[in-house]
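Note sheet for the following structure.
Dropping the structure here:
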């Protein structure tokens with residue numbers, strides 16, 4: 010069995026689909042962008058259907074420059090009381106500085122339930138071991154930065170027979186977007 014050639018065909022087909030639709034995805038991310046208020050209590054109109062599969066982005070816009078990777082780590086990894094926060098780490102190779110009034114992709118992810126996952130990233134308590142931003146706990150970043158989020162829904166409630174294919178597509182789309190948007194925080 011020539012599995013490698015079949016896998017290559019599947020990957021090429023997926024990449025071709027994404028490349029033909031990446032501008033539409035980026036446009037949807039821009040259109041769906043919503044601000045987060047400074048205390049993260051209100052996340053705007055989260056009008057995402059339950060069980061929507063897709064990708065989401067959190068953005069940061071700095072009102073005061075963050076001029077080094079070390080400064081970003083200091084602001085991100087501890088709260089105002091000095092407590093260490095368990096959240097994804099900044100990506101050293103991607104961060105040089107964040108200038109005033111410049112928006113940057115802060116974090117990028119994929120989910121089979123966008124509404125729940127976005128809310129989880131914002132409100133999850135720091136004691137939770139789940140991999141999440143826990144944005145509301147990062148009070149040192151709240152003062153001088155504005156945050157927003159966005160999402161792109163690929164499919165709502167895909168038929169069960171398509172779940173594995175949808176997962177593969179989400180992984181590929183996330184990878185393409187990661188290269189384009191270069192998030193500051195995350196696994197890769």
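Numbering (the working numbering), first residue to last: 10 to 197. C-beta: ideal position from N, C-alpha, C; glycine also.
Classify residue i: buried if its beta carbon has 16 or more other beta carbons within 10 angstroms, exposed otherwise.
i, result
"residue 130", "buried"
"residue 134", "exposed"
"residue 84", "buried"
Determine, using beta carbons only, whether residue i and residue j come nearer to each other than 8 Å.
i, j, result
"residue 87", "residue 94", "yes"
"residue 45", "residue 157", "yes"
"residue 65", "residue 142", "no"
"residue 117", "residue 195", "yes"
"residue 114", "residue 191", "yes"
"residue 119", "residue 180", "yes"
"residue 31", "residue 185", "yes"
"residue 160", "residue 57", "yes"
Compute the Euclidean distance between the alpha carbons of residue i and residue j, then round it to the nearest angstrom.
i, j, result
"residue 27", "residue 105", "29 Å"
"residue 42", "residue 11", "44 Å"
"residue 193", "residue 13", "34 Å"
"residue 109", "residue 76", "10 Å"
"residue 147", "residue 71", "14 Å"
"residue 154", "residue 60", "31 Å"
Exercise for the section: Report the residue ranges of all alpha helix (DSSP H) runs contained in full by the segment 52 to 88; include only those spanning at least 4 residues, in chain order. Expected result: 78 to 86
Handout entry: Runs of alpha helix (DSSP H) wholly within the segment 134 to 176 (minimum 4 residues, chain order)
Key = 148 to 151
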